[in-house]
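What follows is a single structure, written as structure tokens, with notes after it.
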Amino acid sequence: MIKSIFNPIIGIFVALFGLFTPSPDIDMQNITLQAEYDNPTSEEMNSAVALIRTRLDSIGCTEARLEISDNNQLEIFYPSETDREKLIYVITSPAELRLVDADGNLLLDNSHITSATARFDSLGADGSNVHYVELNFTEEGRKLFAEATERISQLPSGENSIAITVDGQIISCPSVMAKIESPTVVISGDFTADTATHLAAILNSGCLPFSFSIVE
165 MIKSIFNPII GIFVALFGLF TPSPDIDMQN ITLQAEYDNP TSEEMNSAVA
215 LIRTRLDSIG CTEARLEISD NNQLEIFYPS ETDREKLIYV ITSPAELRLV
265 DADGNLLLDN SHITSATARF DSLGADGSNV HYVELNFTEE GRKLFAEATE
315 RISQLPSGEN SIAITVDGQI ISCPSVMAKI ESPTVVISGD FTADTATHLA
365 AILNSGCLPF SFSIVE
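Following the numbering used here, the numbering of the sequence shown begins with 165 at its first residue and continues without gaps.
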């Protein structure tokens, strides 16, 4: 399953990351995040920080520095060359994955996924290479997906679809024509290399324990 965000050892790593000092040659900017949660414990804040650290590292932003400040705020210092809007997406997305049928019934969620991988391969209708994200199921997830696709494939056109959503946004909504017993499922769409990588990063890290807002 996607890694647990409340691992006791996480606090040790957070402490070490807080001591990290980037190269003096790197021009840094900062973002301040406010925890949208009443009185989070130090363990909860450290868990959120470690999760965000994982996301930053997975997109190559290893020079970033994270510091917990007063009033449940988190300061993130990052290289000025980093795309700020993309960074905000990666660090603040709850990353709630849901696969639902045409009636909105939940079929699978984050707990049924072991990993997400950004790929570039021949998925286009004309055989061209496209960017996409591949999800790997747990054994339970594989069984549930097989059962769901078997049922949904029997429905009439317009009702035989499964929507893949992340944080309430539909990323892909393919029609289901037959039972699928594959241990993986593909999320395709108008992905670029960056957006596919960023989506895989937030899904692999797991859901944030609570949301954060940007302090302007």
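Note that CB positions come from ideal geometry on N, CA and C, so glycine has one too.
Every value quoted in this text rests on a predicted model; they were computed, and no experiment measured them.
| Item | Value |
| --- | --- |
| Could you work out which residue in Q193, I378, R306 is closest to H276 when comparing CA atoms only? | R306 |
| Quick one: give me the first and last residue of the alpha helix (DSSP H) that N368 is part of. | 357-369 |
| In angstroms, rounded to a whole number, what distance separates the CA positions of S244 and Q193? | 5 Å |
| Among P347, A342, I351, Y253, whose alpha-carbon lies nearest the alpha-carbon of S321? | A342 |
| Mind pulling the beta strand (DSSP E) runs of 3 or more residues that sit fully within the region 289-326? | 293-301 |
| Rounding to the nearest angstrom, what Cα-Cα distance links L308 and L272 in this structure? | 7 Å |
| Secondary structure at I255, three-state DSSP: helix, strand or coil? | helix |
| In chain order, what residues of the same chain have a beta carbon less than 8 Å from the beta carbon of T348, not counting five sequence neighbours either side? | E298, L299, N300, F301 |
| Is S222 closer than 9 Å to A364 when the C-beta atoms are compared? | yes |
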